[in-house]
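Asks: One structure, pasted below without further comment.
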Amino acid sequence: MYFYDFNEMPSEYVTPKYSTAYGPLLAGDSLEVGLLRFKANEGAVEHAHPPEQVMYVISGKLKVRFGEVIGEIGPGQAFRAPSNVPHEVTALEDTVVLSCKNLVEGFGGHRLPGQEITTDRAKVRQEES
């Protein structure tokens, strides 16, 4: 299949263990692209993953933290999280992003069967401990 319509694709919580990102995902052989939404004051607790990731803001505003380095990005801006570098994302307002990750064998953004979807940031933080 060559063409996809994100408006027709089912939405899901991408990585519910540490993020409230919600939207459709398109995964190929080596690349995953998601049109994701964060509600204001939600996002992803500090985490790291083998796939490199680029997140481009379509609308809204994100605060992104890499250790002591903190930045805010808005429409037309992006951040890059290198492989295995811890980062945290907080939506300062309702935000829509385009997320792109290279796929690493054994690791993907898809929920495992039976995995609980968590939208409570406090619970997400507790599960990470």
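In terms of my numbering, the sequence shown has 620 at position 73, counting the first letter as 1, and numbering is strictly consecutive.
Glycine included, C-beta positions come from ideal geometry on N, C-alpha and C.
#1: Would you identify the three-state DSSP class for N649, choosing helix, strand or coil?
#2: With a cut-off of 8 Å, do at least 3 Cβ pairs link the stretch 592-603 to the stretch 618-632?
#3: Taking 8 Å as the threshold, find out whether the stretch 603-618 comes into contact with the stretch 635-648 through three or more Cβ pairs.
#4: What do you get for S566, buried or exposed, if any count of 16 or more other CB atoms within 10 angstroms of its CB means buried?
#5: Y569 and V561 - do their beta-carbons sit closer together than 9 Å?
Replies: Taking the structure as given:
#1: strand
#2: yes
#3: yes
#4: buried
#5: yes
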